[in-house]
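Residue numbers (our numbering): 1 to 461.
Given below as structure tokens:
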């Protein structure tokens, strides 16, 4: 399995792609004006306290006030207006809401997660070996912080983990020093795409190809700082005239990842739909008509879909409640195999995924933690005309609405001297059948799209 990291720098943004066997597996974007803040640690100042402290608004230096929310009324900490505190962003600002914060901030390493506000030590559930679990537990017996051993910690030496712990503690101490010196604002930025690149670069990556000399040198410095000097040899400069994302066929894969329909190699396809409440993924046999019985065909199609669905979820950075409707299978053994295979591919995701199980209706449902922006939000905006439905008014409905509007204007106002109607050619052609050469009305072909399907301008005497 060949894995490559590709980094592209432009005037407006930096893009980082992880390719696995030439397929785009993960995608990260850092725009000059679109920086993610989830996971960042800030010094904030309390500006408002509501519902006896259940909701606290905090100024962390962003356009919208962020907030803390405490559901357990028994454990609400006591704060006052203008108090300063260290907070971490749990979710990005959305719509009219500011960023959601937490007081229980954490500092992530590759193998460990430091919990400065805790004393608990826990180990990833994916580590099953009892001897390994006991070994990890005995490494840090007398420390002042809480700690999580990530899945990556399995098999790592005590010296390696101790070195990482010291690095995380150093970050914590710097955060505390900056908290005392700084006004409100960021204390620790985890969303730098260059830091992300250094985290992703490991022994499994064959090459890390970069098209910008300055970033090449910055990555090299970050690798030295992170103690990954042996990985510098994997860095390669890109010198070709052709855009690096075009050369590695990444742009076309991004375009496909923005479509609702995803074709599988067999001719089957997925339909990915996002609603306000959840994300649904439907598996269809499509053009997959092999020489198998119907149940064998269904099973093989579902099996193929498990890997692609997991990839699409990761690539698109989908989050929240996700429901997958695999093609219905009769055998319980087939259903179990599909679920096990699906869990295996989902288990490779870096983002937390929970409760992957069949529902009573035979659908697979799970949740994926919201972390950063969806890929689509870097490339698309919500349609102002269809308001997310994916449908526009039909030509017949536009004509009927236009005629009603026209009659209403003519009847209600005697001072109108002229009415100008702007619409597409086919609307104007159809409309002319009904207005009977009315001299007050002028129709103009206009290829601009209007939400109502037309624009009406009124002129008085």
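For glycine and all other residues, C-beta sits at the position ideal for the given N, C-alpha and C.
Item                                                                                                                                                                     : Value
Roughly how many angstroms separate the alpha carbons of residue 11 and residue 359, rounded to a whole number?                                                          : 47 Å
My parser needs the beta strand (DSSP E) runs of 3 or more residues fully inside the stretch 100-127; what are they?                                                     : 100-102, 112-115, 121-123
If we ignore side chains and look at the alpha-carbon of each, how far apart do residue 198 and residue 451 end up?                                                      : 46 Å
With H, G and I counted as helix, E and B as strand and the rest as coil, what does DSSP make of residue 360?                                                            : coil
Considering Cα atoms alone, identify which of 439, 361, 431, 101 is closest to residue 65.                                                                               : 101
Rounded to whole angstroms, what's the CA-CA distance from residue 96 to residue 382? Just pull it up for me.                                                            : 15 Å
Would you report the Cα separation of residue 6 and residue 322, rounded to the nearest angstrom?                                                                        : 29 Å
Assign residue 94 to one of three DSSP states: helix, strand, or coil.                                                                                                   : strand
Starting from residue 179 and walking both ways along the alpha helix (DSSP H), at which residues does that stretch end?                                                 : 158-181
Give the DSSP-derived three-state secondary structure of residue 301 in the structure shown.                                                                             : helix
Can you list, in chain order, the stretches of the alpha helix (DSSP H) that have 4 or more residues and sit fully within the stretch 382-424?                           : 395-412
Once the 5 residues before and after residue 19 are set aside, which same chain residues still bring their CB inside 6 Å of it?                                          : 4
Using only CA atoms, which one of 147, 419, 104 lies nearest to residue 169?                                                                                             : 147
Starting from residue 245 and walking both ways along the alpha helix (DSSP H), at which residues does that stretch end?                                                 : 244-247
Looking only at its own chain, which residues have a Cβ that is under 8 Å from the Cβ of residue 76, when we skip the five neighbours before and after it?               : 52, 53, 54, 70
Determine whether the beta carbon atoms of residue 209 and residue 188 lie at a separation below 9 Å.                                                                    : no
Report the three-state DSSP secondary structure of residue 13 (helix, strand or coil).                                                                                   : strand
Which two residues bound the contiguous beta strand (DSSP E) that contains residue 279?                                                                                  : 279-284
What are the start and end residues of the beta strand (DSSP E) that includes residue 322?                                                                               : 320-325
Would the stretch 208-226 count as touching the stretch 83-92 if we require 3 or more Cβ pairs under 8 Å?                                                                : no
Counting beta carbon pairs with one atom in the stretch 393-403 and one in the stretch 420-428, are three or more of them shorter than 8 Å?                              : yes
State the start and end residues of the unbroken alpha helix (DSSP H) segment that holds residue 266.                                                                    : From DSSP, residue 266 is part of no alpha helix (DSSP H); its letter is neither H nor E.
What's the call for residue 252, buried or exposed, on a 16-neighbour Cβ count within 10 Å?                                                                              : exposed
Find the nearest neighbour of residue 17 within the set 266, 196, 42, 271, judged by alpha-carbon distance.                                                              : 196
In the DSSP assignment, what residue or residues form a beta bridge with residue 271?                                                                                    : 261, 282
Counting only C-beta atoms, is residue 244 closer than 9 Å to chain C at any point?                                                                                      : Within the model displayed, chain C is absent; a lone protein chain is all it includes.
Am I right that residue 328 and residue 286 are in contact with their C-beta atoms under 8 Å? What's the rounded C-beta distance?                                        : No, residue 328 and residue 286 are not in contact; Cβ-Cβ is about 16 Å, not under 8 Å.
Of all the options 44, 442, 234, 411, which has the alpha carbon lying nearest to the alpha carbon of residue 79?                                                        : 44
Using a 10 Å radius around the Cβ and a threshold of 16 neighbouring Cβ atoms, would you call residue 389 buried or exposed?                                             : exposed
Please list, in chain order, all residues of the same chain as residue 427 whose beta carbon is under 7 Å from its beta carbon, the five residues on each side excluded. : 395, 398, 399, 453, 454
Would you mind reading off the limits of the alpha helix (DSSP H) that contains residue 131?                                                                             : 130-137
Taking residue 156 and residue 111 to be in contact with their CB atoms under 8 Å, please state how far apart those CB atoms are, rounded to whole angstroms.            : 6 Å
Below 8 Å on the Cβ atoms is my contact criterion, and I expect residue 369 with residue 319 to pass it. Report the Cβ-Cβ distance as a whole number of Å.               : 6 Å
Looking only at its own chain, which residues have a Cβ that is under 8 Å from the Cβ of residue 104, when we skip the five neighbours before and after it?              : 88, 115, 117, 118
Three-state secondary structure (DSSP) at residue 354?                                                                                                                   : strand
Once the 5 residues before and after residue 13 are set aside, which same chain residues still bring their CB inside 7 Å of it?                                          : 29, 30, 31, 32
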